[in-house]
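J.: Here it is, the structure, as structure tokens.
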């Protein structure tokens, strides 16, 4: 619980007094937010819109009603798993972004997290609002789900008795009422009124290009494709149902008799139809019965063979259905700014790696959604608090709610290159550890390094083992190495005669070894 004199309690008390002191005119905040990558380069922008439904900047008009296409989107989401996968994939990625109150070094720059030099009141406010990681991720996930699918969400900022801030996201159809009659949140089967003294309700949406008050979503343009995919699925399902309705009708002319004379329980001869039915039913009950492998043999007049007909009521499976379905799924991926191979399981993407987010998708899909939500919290929550604290609009504009998408970055695997370069003394050990997924806490100790050096020395110079092993803490009783000598002769055995000296007639001594080199042809 914050201390009575803490900055967060002072901020909360000031904020709670805002609605009681004044009511501002209705306000609609729109912004074009630049999206910057990790190197500070501009990668596009997103237009976001927000409007306060309660608080000092509340509108006296009722909120925009849910449009028909938004209701249809949620229905299609329950029927098209590919849409649910892509939308929830982007929402899950947005929930991994770390929210914080940041300060812009200069206008147009991306906000950076507050450091120790920032005012304590802002650091406490940041900890109170975004310090609970699980709560922030859940709120961000639900808000992103609604923005991605329906184009808008309702953000509810609350402060409790302990002056702790929190926020949550609600679907537009979960919010009822107006600024005049009061707003209410439908929690399950019951509704509860929103306390304007403790809660702030903000509508946050992606504005439509032709009418700014209405929401827009990439799913809206995919409605014809989604309808077609649902219809195709029902068409294939109907074909499968027709095959399950029965095996059809078998027309057998009279006069066909089963071979061998088969009899029923009353010892009456079975007709061919009865014998055929029994032959088909017995293997279904007993898989080991011989009839599962031996065909039924019947006597048939040659003229009757062509009269046997099998009529089926099953519809033929459309051979182009799979191709049409793949094309529709590919269009869904393109419409949602997602690589279609993720949905189709092609290339290097499969159902295990499908949830990985590429850099382009973070920039084009995830970052804009996170920016819309951050813009709403900045305009109608943070700016109001800072203004009530006495900051000028220019100073208050330096602080924004922003996000850090670095947890989503897919760094390339440079571990092998780092290890090779470390071996060549080009990069340091710390770099090799970092690129291999380790930190300096995993570095070897001085004793481990000494042991490794002695191991390498022992491998290179095994003759020094007698000196190296004790230094390694290994004491071995090595056997004494005895140098072999010429064995002595028995005392009763005379010494061998010395080799005779070469005579003067020995030509090998006079002339040396014979010349075996070819001298070439005579001249």
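Numbering (our numbering), first residue to last: 4 to 526. Where is the CB? At the ideal position from N, CA and C, for every residue including glycine. Values in this document were obtained by computation on a predicted structure and should not be read as measured data.
(1) Which value, in whole angstroms, describes the spacing of the CA atoms of residue 330 and residue 95?
(2) Distance check for residue 259 and residue 297, CA to CA, integer angstroms please.
(3) What did DSSP end up calling residue 167 once you bin it into helix, strand or coil?
(4) Expressed to the nearest angstrom, what Euclidean distance is found between the alpha-carbon atoms of residue 86 and residue 334?
(5) What's the call for residue 378, buried or exposed, on a 16-neighbour Cβ count within 10 Å?
(6) Let me confirm a value: residue 411 is counted as buried when at least 16 other C-beta atoms fall within 10 Å, else exposed. Which label applies?
(7) So, with DSSP's three-state summary, where would you put residue 1?
(8) Output the residue ranges of the alpha helix (DSSP H) runs that lie fully inside the region 266-351 and measure 4 residues or longer, sorted by chain position.
(9) Count the other CB atoms within 10 Å of the CB of residue 3; is the residue buried (16 or more) or exposed (fewer)?
(10) In its own chain, which residues sit with a C-beta less than 8 Å from the C-beta of residue 256, not counting the 5 before and 5 after it?
(11) Report the partner residues of residue 405 according to the DSSP bridge assignment.
(12) Compute the Euclidean distance between the alpha carbons of residue 93 and residue 368, then round it to the nearest angstrom.
(13) Please determine, among 299, 100, 324, 253, the residue with the shortest C-alpha to C-alpha distance to residue 241.
(14) Can we say the region 430-439 touches the region 102-121, given the rule of at least three CB pairs closer than 8 Å?
(15) What would DSSP say about residue 236, mapped onto helix, strand or coil?
(16) Only counting the same chain, and skipping five residues up and downstream in sequence, which positions put a Cβ closer than 8 Å to that of residue 108?
(17) Under the rule that 16 or more other beta-carbon atoms within 10 Å means buried, what is residue 25, buried or exposed?
(18) Select from 381, 261, 208 the residue whose C-alpha is nearest the C-alpha of residue 278.
(19) Grouping DSSP H, G and I as helix and E and B as strand, with all else coil, what is residue 221?
(20) Taking the straight line between their C-alpha atoms, what separation do you get for residue 136 and residue 98?
(21) Hey, out of 144, 129, 365, whose CA is closest to residue 405's CA?
(22) Apart from the five residues just before and just after residue 373, which ones in its own chain have a Cβ nearer than 6 Å to its Cβ?
(23) Is residue 18 helix, strand or coil when you go by DSSP?
(24) Closest by CA to residue 131, which one among 437, 300, 290, 166?
(25) Cα separation between residue 54 and residue 231?
(26) Whose CA, out of 185, 89, 159, 160, lies closest to the CA of residue 148?
T.: In short:
(1) Stepping through the chain shown from its first residue, residue 330 is reached at position 327. Stepping through the chain shown from its first residue, residue 95 is reached at position 92. Roughly 26 Å separates the two Cα atoms.
(2) Here residue 297 refers to the residue found at position 294 when the chain shown is read from its first residue. Here residue 259 refers to the residue found at position 256 when the chain shown is read from its first residue. C-alpha separation (whole angstroms): 19 Å.
(3) Residue numbering aside, residue 167 sits at position 164 when the chain shown is read from its first letter. In the structure shown, residue 167 sits in coil (DSSP, three-state: anything other than H, G, I, E or B).
(4) The residue you call residue 86 lines up with position 83 of the chain shown. The residue you call residue 334 lines up with position 331 of the chain shown. The straight-line gap from Cα to Cα measures roughly 11 Å.
(5) Working through the chain shown from its first residue, we reach residue 378 at position 375. The residue in question, residue 378, is buried, as its Cβ has 16 or more Cβ neighbours within 10 Å.
(6) Position 408 of the chain shown, counting from 1, holds the residue named residue 411. Per the 10 Å Cβ criterion, buried.
(7) Outside the displayed span of the chain (4 to 526) sits residue 1, for which this structure offers no information.
(8) Taking only runs of at least 4 residues, the alpha helix (DSSP H) segments lying wholly in the region 266-351 are 275-288, 305-308, 324-338, 343-347.
(9) A query on residue 3 cannot be resolved here, the shown segment of the chain reaching from 4 to 526 and no further.
(10) The residue you call residue 256 lines up with position 253 of the chain shown. Excluding sequence neighbours, residue 256 sits near 307, 310, 311.
(11) Mapped onto the chain shown, residue 405 falls at position 402. As a beta-bridge residue in DSSP terms, residue 405 pairs with 103.
(12) For the purposes of this step, residue 93 is taken as residue 90 along the chain shown, with counting starting at 1. For the purposes of this step, residue 368 is taken as residue 365 along the chain shown, with counting starting at 1. Going from the Cα of residue 93 to the Cα of residue 368 covers about 7 Å.
(13) Here residue 241 refers to the residue found at position 238 when the chain shown is read from its first residue. Looking at the Cα atoms, 324 is the closest of the given residues.
(14) no
(15) In the chain shown, counting from the first residue as 1, residue 236 sits at position 233. DSSP places residue 236 in helix when its eight states are reduced to three.
(16) To locate residue 108, count along the chain shown from 1; it is residue 105. Around residue 108: 115.
(17) Position 22 of the chain shown, counted from the start, is the residue given in the question as residue 25. Bear in mind that a pLDDT of 37 at residue 25, under 50, signals an unreliable position, so the model cannot answer this.
(18) Position 275 of the chain shown holds residue 278. Checking every option, the nearest Cα to that of residue 278 belongs to 261.
(19) By 1-based counting over the chain shown, the position of residue 221 is 218. DSSP places residue 221 in helix when its eight states are reduced to three.
(20) The residue you call residue 136 lines up with position 133 of the chain shown. The residue you call residue 98 lines up with position 95 of the chain shown. Cα to Cα, the separation comes out at about 10 Å.
(21) Residue numbering aside, residue 405 sits at position 402 when the chain shown is read from its first letter. Comparing Cα-Cα distances from residue 405 to each of 144, 129, 365, the minimum goes to 129.
(22) Here residue 373 refers to the residue found at position 370 when the chain shown is read from its first residue. Taken in chain order, the residues that qualify are 97, 100, 406.
(23) Within the chain shown, residue 18 is the residue found at index 15, counting from 1. Residue placement at residue 18 is poorly supported in this model, since its pLDDT is 49, which falls under 50; the coordinates still yield a value, given next. Helix at residue 18.
(24) In the chain shown, residue 131 corresponds to position 128, counting from 1. Minimum Cα distance to residue 131 is reached at 166.
(25) Counting from 1 along the chain shown, the entry for residue 54 is found at position 51. Counting from 1 along the chain shown, the entry for residue 231 is found at position 228. Distance between the alpha carbons of residue 54 and residue 231 is about 36 Å.
(26) Looking up residue 148 in the chain shown gives position 145. The shortest C-alpha separation from residue 148 is found at 89.
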